[in-house]
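Start counting the sequence shown at 4; every next residue gets the next number (my numbering).
Everything below concerns the one structure shown next.
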Amino acid sequence: MLGAVTTQPDGPRDRRRVVLALGGAAAVLALAVVVVPLLRPPGPRPPFQLPVSCGERWRLGTYPGHDDYDVDLFPTEGDAWGRPVLASYAGTVTVAGINGSLGGRTPDNPKGPRGRGGGYWVKIDHGGRWETQYLHLLEPPLVRAGQRVARGEQLGRVGSTGNSGAPHLHYEQHRGREKVETWFDGSPSGITDDDTEYSVTVMSNNCPTGRP
Ligand SMILES: [Zn+2]
């Protein structure tokens, strides 16, 4: 009589196969989570406001070698040092830290050593693949990564950390992976290419809700 064929399950090898299959599935899922949002077309432009206090007039400018669409903001009246920097629109803070190095330019030592890059900075994800950036802040940001912020919420104060000649706010709007022309209060700023030095003056309508 032929005995029943006994099969000895190959335990360790089976387990290895299961582990490999699970690992593969996890890798595909991770790739989908990272890549799929990048393939989604950007949503409509959020109604951004100037990143400074309601009713204040600021000069928005650029200069050769800045970068297309980059905006430097200087107040038309009073000192730039320490002025509140506000969120242009609601979103989630994705970066709140140091870009490059801080250098040593402070209100007490405005000609101190220049740093590198953006200094203290904040980046906000507004959803729909729209993002804003705020550079050269005076002190560590008042917000932290992962925090939800409302439009008009204070992110920090104007300073001159990083590669900055004088206290000002360097500001950018990004759609998907591109830097785009900044819009404020429903209108394009007009700050586009950086071939020449030019500026425009705009009044902030980043006002508390329910007020003019
Ligand atoms: Zn700048």
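Virtual Cβ for every residue (Gly too), placed ideally from N, Cα, C.
Given the structure is predicted, the values throughout are model-derived calculations rather than measurements.
Asked, Found
"Where the beta strand (DSSP E) through Tyr-123 begins and ends", "119–130"
"Beta-carbon proximity of Gly-122 to Gly-81, cut-off 9 Å", "no"
"Anticipated Cβ contact below 8 Å, Ser-104 with Gly-118, distance rounded", "4 Å"
"Distance cut-off 8 Å: Val-205 Cβ against heavy atoms of ligand 1", "no"
"Three-state class that DSSP yields for Leu-89 in the structure shown", "strand"
"CB of Thr-164 within 9 Å of CB of Arg-108, strictly", "yes"
"Three or more C-beta pairs below 8 Å linking the stretch 16–23 and the stretch 140–154", "no"
"Beta-carbon proximity of Ala-90 to Gly-189, cut-off 9 Å", "no"
"Candidates Asp-71, Glu-59, Glu-175, of which the one nearest Tyr-201 by Cα", "Asp-71"
"Residues of its chain near Pro-67, where Cβ-Cβ distance is below 8 Å and the 5 sequence neighbours each way are ignored", "Asp-197, Asp-198, Thr-199, Glu-200"
"Nearest residue (CA-CA) to Trp-124, options Asp-111, Ala-29, Gln-136", "Gln-136"
"Assigned secondary structure, Pro-215 (DSSP; H/G/I helix, E/B strand, else coil)", "At Pro-215 the pLDDT is 41, less than 50, meaning the model places this residue with poor confidence and gives no usable figure here."
"Buried/exposed call for Gly-26, threshold 16 Cβ in 10 Å", "exposed"
"Rounded straight-line distance, which links the Cα of Thr-185 to that of Ala-153", "19 Å"
"Boundaries of the beta strand (DSSP E) in which Asn-102 is found, first to last residue", "94–104"
"Contact test: His-69 Cβ vs ligand 1 heavy atom, cutoff 8 Å", "yes"
"7 Å CB neighbourhood of Arg-160 in its chain, flanking five on each side removed", "Gly-85, Arg-86, Pro-87, Val-88, Leu-140, Leu-141, Glu-142"
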